[in-house]
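In this note's numbering, the protein residues as written are 84 to 331.
We put the CB at the ideal spot given by N, CA and C, even for glycine.
Owing to the predicted nature of the structure, the values given are computational and were not obtained by experimental measurement.
This report concerns only the one structure given below.
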């Protein structure tokens, strides 16, 4: 579904998505987007931020409050970082800023849908603890990141990550237990996120914790090192060390 009040923009996005093989419904305001999603939830909602009757941020806020997990790709002409961060914080899965390349939008839609479909499939068999020859996947405990396939899993269960989240996670998984400053993680996002700062990193980390931690408010995998940054660690190994210290 495409929710966009600019008729020409909506038609352009519709044509590119239909050329990719998608069936597309177009609505022109936020209230109609809510009504249509409630009536028949689409695989993905391409949602403009600035719309009449209810803006895109309100639509995302309401959908997530209702427990709806439809994928959301936000379109925004707003140039302030706070608006982009708010959209991610409310539960958007990705965003594209205007003006954008329709081909880039289609590619990012394709990526989101592919990851979501992989997460809906049957649970995979337990992984062989010995990686196959040539396997470039990164593992930190039960967390596995495959850079070639752009896939993430925890305990064998797929995790859907945005491109920015994946970049941060892959960088940290390549050097487990290393403390990454916000500036270092910003370098991973450079050239990808148009509006980036330390707060951008914090939002990505917050969203990653919702996806890879058993208790996001009490993380034991993606940890904050106060005054410095973040590190990725194996909680089983950390807990084992704590037990040994307690018994010594």
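Minimum C-alpha distance to residue i - residue among the options
i           : options            : result
residue 197 : 171, 186, 232, 271 : 232
residue 250 : 239, 107, 291, 145 : 291
residue 259 : 220, 306, 316      : 316
residue 119 : 97, 86, 229        : 86
residue 190 : 149, 238, 172, 245 : 245
residue 184 : 310, 299, 95, 288  : 95
residue 188 : 103, 299, 150, 289 : 103
residue 289 : 150, 151, 247, 152 : 247
residue 169 : 267, 144, 152      : 144
Contact under 8 Å by Cβ, residue i with residue j
i           : j           : result
residue 158 : residue 179 : yes
residue 100 : residue 192 : yes
residue 226 : residue 256 : yes
residue 306 : residue 284 : no
residue 146 : residue 176 : no
residue 335 : residue 173 : No statement about residue 335 is possible, as the shown extent of the chain runs from 84 to 331 and does not include it.
residue 142 : residue 160 : no
residue 109 : residue 97  : yes
residue 148 : residue 114 : no
Residue i burial status per 10 Å Cβ neighbour count (16 or more: buried)
i           : result
residue 93  : buried
residue 234 : buried
residue 90  : exposed
residue 106 : exposed
residue 271 : buried
residue 320 : exposed
residue 310 : exposed
residue 139 : buried
Proximal residues to residue i (C-beta, below 7 Å), its chain only, five neighbours per side dropped
i           : result
residue 88  : 111, 112, 131, 134, 135
residue 318 : 224, 303, 304
residue 295 : 226, 237, 242, 304, 305
Cβ shell of residue i (< 6 Å), same chain only, five flanking positions each side left out
i           : result
residue 312 : 262, 263, 264, 265
Separation of residue j from residue i, as counted between CA atoms
i           : j           : result
residue 208 : residue 219 : Summary for residue 208: the model assigns pLDDT 40, below 50, so the residue's position carries little reliability, and this model does not support an answer.
residue 122 : residue 182 : 31 Å
residue 124 : residue 186 : 24 Å
residue 239 : residue 297 : 14 Å
residue 293 : residue 299 : 5 Å
residue 276 : residue 230 : Because residue 276 carries a pLDDT of 49, less than 50, the predicted location of this residue cannot be relied on, and no value is offered for it.
residue 301 : residue 150 : 22 Å
residue 204 : residue 152 : Model confidence at residue 204 stands at a pLDDT of 48, short of 50, so the residue's coordinates are unreliable and nothing is read from them.
Sequence-distant residues of the same chain with beta carbon closer than 8 Å to residue i, five excluded per side
i           : result
residue 228 : 220, 221, 222, 234, 235, 249, 252, 253, 256
residue 308 : 262, 314
residue 84  : 107, 108, 109, 110, 116, 119, 120, 125, 127, 128, 129
residue 156 : 127, 128, 129, 130, 175, 176, 177, 178, 179, 188, 191, 192, 195
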